[in-house]
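Order-wise, the sequence lines are chains A and B. For the first sequence, position 69 (counting from the first letter as 1) is numbered 69 according to the numbering used here, and the numbering increases by one without interruption. Take any residue in the second sequence, note its place counting from 1, add 88, and you have its number in the numbering used here.
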Amino acid sequence: RAPKPSAQDVSLGVDWLTRYGYLPPPHPAQAQLQSPEKLRDAIKVMQRFAGLPETGRMDPGTVATMHKPRCSLPDVLGVAGLVRRRRR
Amino acid sequence: YALSGSMWKKRTLTWRVRSFPQSSQLSQETVRVLMSYALMAWGMESGLTFHEVDSPQGQEPDILIDFARAFHQDSYPFDGLGGTLAHAFFPGEHPISGDTHFDDEETWTFGSKDGEGTDLFAVAVHEFGHALGLGHSSAPNSIMRPFYQGPVGDPDKYRLSQDDRDGLQQLYGKAPQTPYDKPTRKPLAPPPQPPASPTHSPSFPIPDRCEGNFDAIANIRGETFFFKGPWFWRLQPSGQLVSPRPARLHRFWEGLPAQVRVVQAAYARHRDGRILLFSGPQFWVFQDRQLEGGARPLTELGLPPGEEVDAVFSWPQNGKTYLVRGRQYWRYDEAAARPDPGYPRDLSLWEGAPPSPDDVTVSNAGDTYFFKGAHYWRFPKNSIKTEPDAPQPMGPNWLDCPAPSSGPRAPRLPKA
């Protein structure tokens with residue numbers, strides 16, 4: 001079995017996945033916990049987008065990819081679009 | 089590819105670099121030129137044109153480019169070296185739409201051989217994709233992949249991947265096609281200087297093509313190449329310069345040793361299409377742009393040891409190669425792969441030709457042209473006697489230069 005990802009990696013992952021549109025942004029008025037299923041799905045989408053094996057886990061390849069230099073804009077624009085519609 | 093959902097309604101967009109990197113080795117001029125090439129990469133595949141504008145008089149340009157640090161008044165603060173590199177805003181009516189920001193704390197490079205730093209051209213092409221309405225792509229070859237993938241090569245030759253072209257053309261349609269059904273690059277106005285790569289940039293100012301005095305001129309696959317120092321220009325068969333800006337010798341002719349700073353003569357070998365560049369007592373053979381083997385001595389072509397050449401050309405009338413030095417010339421038989429006996433002979437056989445020509449080449453129509461200084465001598469097809477009105481000024485007829493002012497005409501050489 002692959003080693004369990006550290007809490008730091010999970011935290012990085014959630015932050016990264018949110019910033020680049022794979023997870024919805026936290027609601028400003030309430031604390032939000034990501035369910036393990038949603039997190040796994042978001043990681044899988046990210047891995048598919050980046051051409052990585054779709055493990056759904058914060059494996060070393062995924063963590064390394066999250067550390068790569070990149071463009072600031074989100075990869076998944078739909079989340080941002082949903083947010084705009086909700087705000088309207 | 090992915091579309092952002094917005095696009096420009098107009099087809100001509102303006103741009104300006106408002107702030108430049110503070111600590112980069114790249115000059116402001118190089119940054120501007122890289123930006124223009126990055127925009128051109130998108131423009132040549134679509135109906136879009138881009139104009140650089142100067143000062144912020146009146147309206148700001150559509151694409152305003154900044155190098156910024158940390159928080160810089162938008163929702164995407166930069167994070168120092170590494171991490172996020174740049175971003176751009178999708179098209180729209182808002183003043184920030186189309187604006188493109190680069191993290192000033194990155195080590196921006198161009199043409200870095202050691203892989204250090206971040207290639208500004210590659211990132212600029214990516215960001216301008218956003219500024220035109222594209223989102224991130226997961227296609228392996230796409231420049232719109234979100235992760236930095238390293239340099240993408242020579243800006244002058246860069247072409248977008250099919251995925252990127254498809255996305256762009258979905259928004260703006262295809263570029264108008266030329267008679268040759270090939271995309272063309274048009275120089276931006278005002279024409280920027282060519283990018284200077286760190287390895288070749290030091291001390292070679294760009295020469296003025298209108299002055300003539302080329303080191304070598306050759307017809308290579310229908311295009312005429314004009315060599316001068318470590319630069320060259322290309323004239324298309326239509327009579328149009330590929331660009332008024334010269335290209336760098338060593339960035340195009342891959343494998344040409346760096347110490348070769350001048351090409352004294354060049355020609356395309358008739359029998360196999362190889363291109364031969366001559367410098368000093370040696371020559372180099374290229375297939376397309378790639379060097380084959382190493383330096384070869386001119387003695388292989390029948391010249392005495394240590395001899396150099398002023399001009400080399402292949403005469404289609406007999407398929408032989410002529411090598412000119414001063415007032416004499418040698419003839420080489422390509423089919424037999426040996427020099428013809430009885431040479432050198434006096435160049436006066438070519439009636440009216442100047443001695444020590446800069447170079448000689450044969451046009452697509454089969455006429456032979458001797459070049460020297462700012463003039464040329466035309467020998468009609470099958471003739472070894474120059475036209476009576478020779479020499480003529482090169483600039484207006486070949487290089488899109490103004491006609492020389494009325495002054496004393498170039499002295500005619502005495503006929504042999």
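Cβ coordinates follow ideal geometry from the N, Cα and C atoms, glycine included. None of the values given here were measured: they were computed from a predicted structure.
- B:His139 is positioned such that its CB atom lies closer than 8 Å to that of B:Thr102.
- Secondary-structure assignment with DSSP links B:Glu311 through a beta bridge to B:Ile308.
- Within chain B, not a single residue places a beta-carbon under 8 Å from that of A:Gly61; the smallest gap is close to 13 Å.
- Only those residues of the region 34–58 of chain A whose C-beta falls short of 9 Å from the nearest C-beta of chain B are listed: Arg48, Phe49, Ala50 and Gly51.
- In the DSSP assignment, B:Ser367 falls within the beta strand (DSSP E) that extends over Ile363 to Ser367.
- The contact set of B:Ala129 on chain A, defined by CB atoms closer than 8 Å, is empty, because the minimum CB distance reaches about 16 Å.
- In this chain, the alpha helix (DSSP H) harbouring B:Ser124 covers Gln116 to Gly131.
- Residue-level contact by beta carbon holds for B:His218 and chain A, with a gap shorter than 8 Å.
- For B:Glu380, the CB contacts under 6 Å within the same chain, skipping 5 residues up- and downstream, are Val373 in chain order.
- Here the alpha carbons of B:Ile305 and B:Val348 stand approximately 16 Å from one another.
- Remark: fewer than three beta-carbon pairs, one from each stretch, lie closer than 8 Å, so the region 207–225 of chain B and the region 35–45 of chain A are not flagged as touching.
- Counting C-beta pairs with one atom in each stretch, the region 242–260 of chain B and the region 48–65 of chain A have fewer than three that are closer than 8 Å, which means they do not touch.
- The beta-bridge partner set that DSSP reports for B:Ile153 consists of B:Val105 and B:Thr188.
- Take the alpha-carbon of B:Pro228 and the one of A:Gly51: they are about 8 Å apart.
- Closer than 8 Å to the CB of B:Gly135 there is not a single CB belonging to chain A.
- The beta carbon of B:Asp398 sits closer than 8 Å to those of Gln352, Ala353, Val412, Arg413, Gly414, Ser444, Pro445, Asp446 and Asp447, all from its chain and outside the five residues before and after it, given in chain order.
- Residues Trp321 and Leu487 of the same chain have their beta carbon placed closer than 6 Å to that of B:Arg297, with the five preceding and five following residues left out of the count.
- Annotated three-state conformation of A:Thr18 is helix, per DSSP.
- Annotation for B:Lys460: the continuous beta strand (DSSP E) segment containing it runs Thr456 to Lys460.
- Straight-line measurement puts the Cα of B:Ile151 at about 24 Å from the Cα of B:Gly238.
- For the options B:Pro404, B:Asn406, B:Pro427 and B:Pro479, the alpha carbon positioned closest to that of B:Glu439 is the one of B:Pro479.
- At least one C-beta of chain B is nearer than 8 Å to the C-beta of A:Ser72.
- At a cut-off of 8 Å, the C-beta of B:Ala425 has no neighbouring C-beta in chain A.
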